[in-house]
Ligand code: SF4
Ligand code: SF4
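Numbering (the working numbering), first residue to last: 2 to 338.
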């Protein structure tokens with residue numbers, strides 16, 4: 002048997018030419034998770050009409066290049082035309098993932114065939130109802146795991162996203178066994194963000210101490226890899242000598258909202274500083290001081306937006322230098338079995 006230390010995390014640098022389109026079809030959701038990052042005040046409450054969704058898929062499609070499409074919300078399965086949107090996206094040669102909270106409305110598993118979807122992703126924030134439901138709501142663990150089992154038994158490729166916060170980090174090590182038992186192939190460990198509810202005053206209690214993250218997350222990732230699960234987790238803290246780069250400058254990521262705002266950096270989503278917008282079916286550059294002005298700034302702390310949004314969480318050495326440089330939030334590490 003292989004030792005868990007044999008599994009080393011590899012930093013997945015931004016791949017040249019890769020494109021990721023994160024399309025929020027709506028902001029509505031049946032849940033009210035404690036760390037929800039969706040911000041209807043900034044992104045509206047309208048459901049993207051099917052025809053507009055199809056136009057926007059064509060707008061971002063580059064069939065000659067690898068493009069990943071993540072359909073999300075709110076809860077994307079609340080969209081009545083989700084199955085049709087998935088089929089249109091596949092015809093445009095996107096690799097398509099649906100990020101669901103697990104409720105799978107509109108009989109989703111019957112509307113889509115497993116080979117029409119690259120991944121069906123479920124969100125679960127704890128290894129049992131006690132931990133998960135304290136974050137995501139009563140009864141959610143039971144519904145999500147039941148639907149996940151159904152999806153696996155029907156042949157869907159499934160992944161699971163766990164958002165790590167101070168509320169669940171001590172239970173993270175129990176997740177790999179659950180994933181293996183459920184038959185989940187990919188595990189995405191996310192760090193609690195600073196958007197939406199997590200950004201409001203008093204929510205600091207949700208943030209994870211850097212030392213706990215560095216101690217527990219890579220260890221859990223290795224445990225999952227040992228069980229044959231492909232694990233991805235954010236880099237967060239750059240190693241000495243590692244190069245900092247901002248995805249806003251070197252990668253093609255589009256975070257698209259139903260009100261037409263398009264961001265290049267997810268940390269900016271709580272503010273009206275999107276660099277692009279969709280207007281009359283065209284992708285337009287926004288005028289004025291927007292997120293793209295920050296991307297080229299170089300500071301010792303690494304990511305400029307992180308420094309602007311959470312300066313209190315950066316520790317400094319006696320010589321005034323930051324103890325860690327913070328990586329781009331889009332920089333991931335990967336462990337495969
Ligand atoms: S499932 Fe997602 S969109 Fe819905 S409340 Fe939870 S975090 Fe927000
Ligand atoms: S998270 Fe920081 S480094 Fe990454 S795109 Fe945003 S501003 Fe750039």
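Cβ coordinates follow ideal geometry from the N, Cα and C atoms, glycine included.
How close, in whole Å, do the beta carbons of residue i and residue j come, if the pair is a contact with beta carbons under 8 angstroms?
i           : j           : result
residue 221 : residue 174 : 5 angstroms
residue 151 : residue 117 : About 16 angstroms separates the two Cβ atoms, so there is no contact after all.
residue 69  : residue 96  : 5 angstroms
residue 334 : residue 238 : Between residue 238 and residue 334 the Cβ distance is about 11 angstroms, and since that is not below 8 angstroms, they are no contact.
residue 114 : residue 74  : Contact flag wrong, Cβ pair sits at about 22 angstroms.
residue 103 : residue 145 : 3 angstroms
residue 265 : residue 282 : So it is not a contact: roughly 20 angstroms between Cβ atoms.
residue 275 : residue 287 : 6 angstroms
residue 12  : residue 236 : 6 angstroms
Any heavy atom of ligand 2 closer than 6 angstroms to the beta-carbon of residue i?
i           : result
residue 284 : no
residue 330 : yes
residue 215 : no
residue 296 : yes
residue 268 : yes
residue 306 : yes
residue 1   : The structure shown does not extend to residue 1, since the chain spans only 2 to 338, so no value can be given for it.
Alpha carbons only, please: which of the options is nearest the one belonging to residue i?
i           : options               : result
residue 154 : 52, 51 and 183        : 183
residue 231 : 297, 101, 104 and 189 : 189
residue 216 : 270, 65, 272 and 170  : 170
residue 284 : 29, 15, 56 and 301    : 56
residue 54  : 82, 229 and 38        : 82
residue 38  : 115, 267, 275 and 297 : 267
residue 10  : 218, 29, 149 and 164  : 218
residue 126 : 76, 193 and 80        : 193
residue 46  : 52, 64 and 27         : 27
residue 33  : 135, 298 and 179      : 135
residue 278 : 35, 176 and 261       : 261
residue 185 : 74, 147, 130 and 40   : 147
residue 85  : 50, 64, 35 and 212    : 50
residue 35  : 138, 241 and 212      : 138
residue 258 : 24, 178 and 187       : 24
residue 44  : 212, 307, 263 and 71  : 263
residue 89  : 101, 64 and 76        : 64
residue 214 : 12, 226, 165 and 271  : 165
residue 223 : 76, 308, 101 and 178  : 178
residue 320 : 99, 301, 331 and 332  : 301
residue 140 : 40, 280, 78 and 31    : 31
residue 176 : 212, 133 and 128      : 128
residue 79  : 309, 66 and 99        : 99
residue 337 : 66, 276, 94 and 187   : 187
residue 130 : 94, 172, 101 and 297  : 172
residue 105 : 94, 322, 132 and 76   : 76
residue 226 : 312, 181 and 191      : 181
residue 48  : 72, 67 and 66         : 72
Does any heavy atom of ligand 1 sit closer than 6 angstroms to the C-beta of residue i?
i           : result
residue 303 : no
residue 32  : yes
residue 75  : yes
residue 102 : yes
residue 39  : yes
Return no unless some Cβ of chain C is closer than 7 angstroms to the Cβ of residue i.
i          : result
residue 95 : Protein chain content of the structure displayed is limited to a single chain, and chain C is not contained in it.
Runs of alpha helix (DSSP H) lying entirely within the region 173 to 257, each at least 4 residues, in chain order | For the region 173 to 257, whole alpha helix (DSSP H) runs of length 4 or above, ordered along the chain, are 176 to 183, 211 to 227 and 248 to 251.
Would you check if there are 3 or more beta carbon pairs closer than 8 angstroms linking the region 208 to 215 to the region 286 to 295?
-> No, the region 208 to 215 is not in contact with the region 286 to 295.
For the 8 angstroms Cβ check, are there 3 or more pairs between the region 243 to 262 and the region 326 to 335?
-> Verdict: yes, contact present.
Kindly confirm or deny that the region 42 to 61 and the region 107 to 114 touch, where touching means at least three C-beta pairs closer than 8 angstroms.
-> They do not touch, by the three-pair rule.
For the region 92 to 140, which segments carrying the beta strand (DSSP E) assignment without a break, of at least 3 residues, lie completely within its bounds, in sequence order?
-> Taking only runs of at least 3 residues, the beta strand (DSSP E) segments lying wholly in the region 92 to 140 are 96 to 101 and 120 to 124.
Would you say the region 14 to 26 touches the region 247 to 264, given that touching needs at least three Cβ pairs under 8 angstroms?
-> Counting Cβ pairs under 8 angstroms, three or more are found: they touch.
Three CB pairs or more closer than 8 angstroms across the region 157 to 169 and the region 115 to 124 | Segments in contact, yes.
Where in the region 27 to 65 do unbroken runs of the alpha helix (DSSP H), each at least 4 residues long, occur, reported from the N-terminal end onward?
-> You should have 41 to 44 and 51 to 61.
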